[in-house]
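Each residue of the sequence shown is one higher than the one before, counting from 601 in this note's numbering.
Each residue gets a CB set at the ideal place from its N, CA and C atoms; glycine is no exception.
Being a predicted model, the structure only gives us computed values, none of them experimental.
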Amino acid sequence: MSQEFPDRLVHTINCKQGAVRAVRFNGDGIYCLTCGSDKSVRLWNPHRNIALKTYSGHGYEVLDAQASCDNSQICSGGMDKTVVLFDVASGKTLRKYRGHAGTVNCVQFNEESTVVLSGSIDSSVRCWDVRSKNMEPIQVMDEAKDSVTTIQVSDHEILTGSADGSIRRYDLRNGKIITDFIGKAVTSANFTRDGQCILTSTLDSSIKLMDKDTGEMLNEYKGHKNTDYKIDNCLNCKDTQILSGSEDGYVYIWDLIEDGNFGEEKNLCSCRD
Numbered sequence: 601m602s603q604e605f606p607d608r609l610v611h612t613i614n615c616k617q618g619a620v621r622a623v624r625f626n627g628d629g630i631y632c633l634t635c636g637s638d639k640s641v642r643l644w645n646p647h648r649n650i651a652l653k654t655y656s657g658h659g660y661e662v663l664d665a666q667a668s669c670d671n672s673q674i675c676s677g678g679m680d681k682t683v684v685l686f687d688v689a690s691g692k693t694l695r696k697y698r699g700h701a702g703t704v705n706c707v708q709f710n711e712e713s714t715v716v717l718s719g720s721i722d723s724s725v726r727c728w729d730v731r732s733k734n735m736e737p738i739q740v741m742d743e744a745k746d747s748v749t750t751i752q753v754s755d756h757e758i759l760t761g762s763a764d765g766s767i768r769r770y771d772l773r774n775g776k777i778i779t780d781f782i783g784k785a786v787t788s789a790n791f792t793r794d795g796q797c798i799l800t801s802t803l804d805s806s807i808k809l810m811d812k813d814t815g816e817m818l819n820e821y822k823g824h825k826n827t828d829y830k831i832d833n834c835l836n837c838k839d840t841q842i843l844s845g846s847e848d849g850y851v852y853i854w855d856l857i858e859d860g861n862f863g864e865e866k867n868l869c870s871c872r873d
């Protein structure tokens with residue numbers, strides 16, 4: 601079997617942001633964003649090891665960020681309880697949304713980048729219309745019983761994971777909420793590319809592949825360590841491999857088809873494509 605995953609360190613970037621809380625590629629994968637404990641978001645050309653711009657607007661550590669689909673805007677969330685919208689070219693703060701009662705753990709644009717969704721330790725997901733001058737959320741989803749740790753958005757669904765041990769899927773077409781109880785605190789949840797399954801990570805060092813419609817667990821992947829921190833998982837573009845960070849400092853890769861752990865790369869801690 602050929603190993604179609606990166607196995608060579610290309611660059612190490614000294615971000616000079618204190619602790620780096622998250623790293624996110626932009627939509628086309630050419631640039632990346634880093635979220636720092638120094639209250640900043642930085643835009644990088646990782647291929648040339650060049651910092652292109654620094655975005656300041658948070659009052660405390662930044663925990664997550666995402667670029668819009670046209671790469672013209674960046675949304676970010678942090679420990680100051682705010683969601684900030686930046687203009688990429690100028691670096692100016694366009695909006696600062698307040699409303700969460702605690703740390704904002706995760707942020708996501710919808711597919712058209714007209715709405716920003718934010719998940720917080722206050723157990724809620726809030727939706728913000730970036731085209732409107734109204735600074736109030738257009739919708740609040742507060743079904744979680746504990747901190748919301750992860751959000752994913754498809755064309756008609758919102759997927760959230762919570763420290764209450766559940767994932768929730770909001771179907772925007774019919775207004776239904778589907779809850780699947782996983783057990784342990786959920787740290788990451790992603791749709792597969794074909795939209796038929798959900799991949800979850802939990803604080804018992806387990807990754808589960810679940811049928812989206814029935815909630816049935818199709819497979820479980822172990823070998824990495826994840827008992828204390830929020831660590832992302834993801835699938836490659838072909839839905840053939842699962843990647844996850846680990847608290848032992850490795851990235852673990854599983855073959856989705858052959859059901860085996862066949863590689864681990866040291867000194868990478870999380871990834872999302």
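Taking only three categories from DSSP, how would you classify residue i?
i	result
residue 772	coil
residue 738	coil
residue 866	Per-residue confidence for residue 866 stands at a pLDDT of 41, beneath the threshold of 50, marking its modelled position as unreliable; the derived number appears in the next sentence. Strand at residue 866.
residue 820	strand
residue 845	strand
residue 609	coil
residue 799	strand
residue 811	strand
residue 602	For residue 602, the predicted structure reports a pLDDT of 46, less than 50, and the residue's modelled location is therefore unreliable. A value from the coordinates is still provided. Coil.
residue 753	strand
residue 729	strand
residue 632	strand
residue 827	coil
residue 856	coil
residue 744	coil
I believe residue i touches residue j by the beta-carbon criterion, under 8 Å. Please report the beta-carbon distance rounded to the nearest angstrom.
i	j	result
residue 708	residue 666	6 Å
residue 641	residue 662	6 Å
residue 561	residue 750	Since the first and last residues shown for the chain are 601 and 873, residue 561 lies out of range.
residue 766	residue 780	6 Å
residue 685	residue 695	4 Å
residue 769	residue 757	6 Å
residue 678	residue 658	5 Å
Out of the options, state which residue places its alpha-carbon closest to the alpha-carbon of residue i.
i	options	result
residue 787	855, 836, 774 and 845	845
residue 692	771, 672 and 626	672
residue 801	817, 652 and 831	831
residue 621	706, 699, 690 and 655	706
residue 797	668, 633 and 839	839
residue 675	650, 644 and 635	635
residue 689	679, 639, 702 and 653	653
residue 645	624, 639 and 656	624
residue 643	657, 626 and 680	626
residue 724	747, 711 and 835	747
residue 629	668, 847, 664 and 658	668
residue 837	758, 852, 848 and 856	856
residue 805	817, 790 and 852	852
residue 828	847, 812 and 650	847
**Prompt:** Using 8 Å as the threshold, is the segment 811-823 in touch with the segment 609-622, meaning 3 or more CB pairs across them?
**Reply:** no
**Prompt:** Does the pairing of the segment 734-743 with the segment 714-724 give three or more beta-carbon distances under 8 Å?
**Reply:** yes
**Item:** Start-end ranges of the beta strand (DSSP E) lying completely within the segment 656-717, minimum 3 residues
**Value:** 662-667, 673-678, 682-687, 693-698 and 704-709
**Asked** How about the segment 722-736 and the segment 776-792: do they share at least three Cβ pairs that are nearer than 8 Å?
**Response** no
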